Amino acid sequence: MTYTVYNFSGAPRGWRVLVGLTIKQLEYDVQYLEGSKGEHKEPEYLAIQPRSTVPTMVADEFVLRDSVACLAWLDQQHSENPLFGATAAESATIWNLTMECNDYLRDAVQQFLYPVLVENIPLPNAGSAPWEKLLAASNLLHNECSYLNGLLQDQPYLCGARASAAEAVAFPEIRLIERGRDRRADAMNATGFDQFHQRYPELSQWLRRVESLEGMDKTFPIHWSN
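If you count the sequence shown from 1, position 70 lands on 127 in the working numbering, and the numbers rise without skipping.
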């Protein structure tokens, strides 16, 4: 079966589908759309995704338009290297954390890193209203990092001994923090993320562990190499 994933370079929801495919050791192609050119609103794309959003995964006659739905469907299609566990207990644990990351971690990253990395806002003056807003957003993200760091105290992956759908959802978000450290040291240092590896040692080791999985380098945003 041929898998084609449509995404914007760096968009975390599409990135998580690529991570899921990689964990399951499945081959895929990526079609990166350029949002600035409106490629997601072209008739050819609207024919498979009427909402003009990403990601979309095309698998022969099947079209899936939600990232978590893609992960769940892949597990139904291929039993090897399960993303949602092999037992009911494993499935419950993985589904719970996957959806927590889908909701809370995604929201925290969006609130903090979107203005910093995408909008590229100047670092606000300390004590100003924009600074307080940025600081509050950074605290949300610190809370999520602390939560995940705690889960990794006694296990290599978020839900146990194997990478799962929780990794597929969480890895792009946490890797974006490192991207922020590379691109916007001023904002990241001012909000405590310069100490990411010291504050969250288990999460930092987990990041390297997932990053080193076979084929994971192919999932990285293409514009990062430019």
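For every residue, glycine included, the Cβ atom is placed at its ideal position computed from N, Cα and C.
This structure is a prediction, so every number in the text was calculated from the model and none was measured.
Can you tell me which residues form a DSSP beta bridge with residue i?
i	result
F119	A116
Let's test the definition: count the other Cβ atoms within 10 Å of the Cβ of residue i and tell me whether it reaches 16, buried, or not, exposed.
i	result
L103	exposed
I105	exposed
Y171	exposed
M114	buried
A186	exposed
T144	exposed
P278	buried
E99	exposed
S136	exposed
S203	exposed
E176	exposed
Checking 9 angstroms against the spacing of the C-beta atoms, do residue i and residue j come in under that value?
i	j	result
R241	L197	no
T61	Q82	no
H199	R256	yes
D243	L180	yes
P107	R70	no
N138	R219	yes
W263	G67	no
M58	D132	no
E235	F253	yes
F169	T248	yes
L128	G92	no
K275	L121	no
Might you give, ordered along the chain, the residues of its own chain that have their beta carbon closer than 6 angstroms to the beta carbon of residue i, omitting 5 neighbours on each side?
i	result
R73	S124, A225, V226 and P229
G142	S148 and I151
N206	Y257, E259 and L260
W130	L121
Kindly indicate which three-state DSSP category residue i falls into: helix, strand or coil?
i	result
Q106	coil
T150	helix
V87	strand
T79	helix
N177	coil
G142	coil
Y171	helix
G92	helix
V74	helix
G217	strand
V62	strand
V111	coil
P278	coil
Skipping 5 residues on each side, what residues in its chain have a beta carbon closer than 8 angstroms to that of residue i?
i	result
Q210	E259
L90	Y63, N64, F65, E96, H97, Y102 and V111
I80	N138, L140, A220, S221, E224, A225 and L270
G285	Residue 285 is absent from the structure shown; the chain starts at 58 and stops at 283.
Please check if any C-beta of chain C sits within less than 9 angstroms of the C-beta of residue i.
i	result
D251	The structure shown contains no chain C, having only a single protein chain.
Could you pull out every residue in the same chain whose Cβ sits closer than 7 angstroms to the Cβ of residue i, ignoring the five residues on either side in sequence?
i	result
L338	Outside the modelled stretch of the chain, which goes from 58 to 283, sits residue 338, for which no answer is possible.
I231	L260 and L264
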